[in-house]
Amino acid sequence: EGVVDPLENAQAVQQLVEMGFPEGRASKALAINHGHAQMAMDWLLEHEGDADIDEPLSPEQRLRIQTEQREREGRADQEALQ
Numbered sequence: 001e002g003v004v005d006p007l008e009n010a011q012a013v014q015q016l017v018e019m020g021f022p023e024g025r026a027s028k029a030l031a032i033n034h035g036h037a038q039m040a041m042d043w044l045l046e047h048e049g050d051a052d053i054d055e056p057l058s059p060e061q062r063l064r065i066q067t068e069q070r071e072r073e074g075r076a077d078q079e080a081l082q
């Protein structure tokens, strides 16, 4: 099972949009939650009142998310070799 790229997960974004969430919020939530739709939905419900919910991710936040993603992929690769 491969790791989904949370920054390009159009199907999950569409799923959240169909549930009534704005596309920008859905994309942000999926990025923060590494492409996991259920976790993204939970995050959206928990953070819907945040003043910065509609702010795009900063370059620093995107870099952190991408770094976490690579680390997760590396761990998955190592586990597959064992």
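Residue numbering for the sequence shown follows my numbering, starting at 1 and increasing by one per position. Idealized CB from N, CA, C, for every residue including glycine. Since the model is a prediction, treat every value here as computed from it, not as a measurement.
For residue i, the three-state DSSP class (helix, strand or coil)
i   : result
H34 : coil
M41 : helix
L63 : helix
Q78 : helix
Presumed contact (8 angstroms Cβ cut-off) between residue i and residue j, rounded CB distance
i   : j   : result
G20 : D54 : That pair is no contact at about 15 angstroms.
Q15 : A37 : 6 angstroms
A40 : A26 : 7 angstroms
Burial state of residue i, where buried means 16 or more other Cβ atoms lie within 10 Å
i   : result
A51 : exposed
L44 : buried
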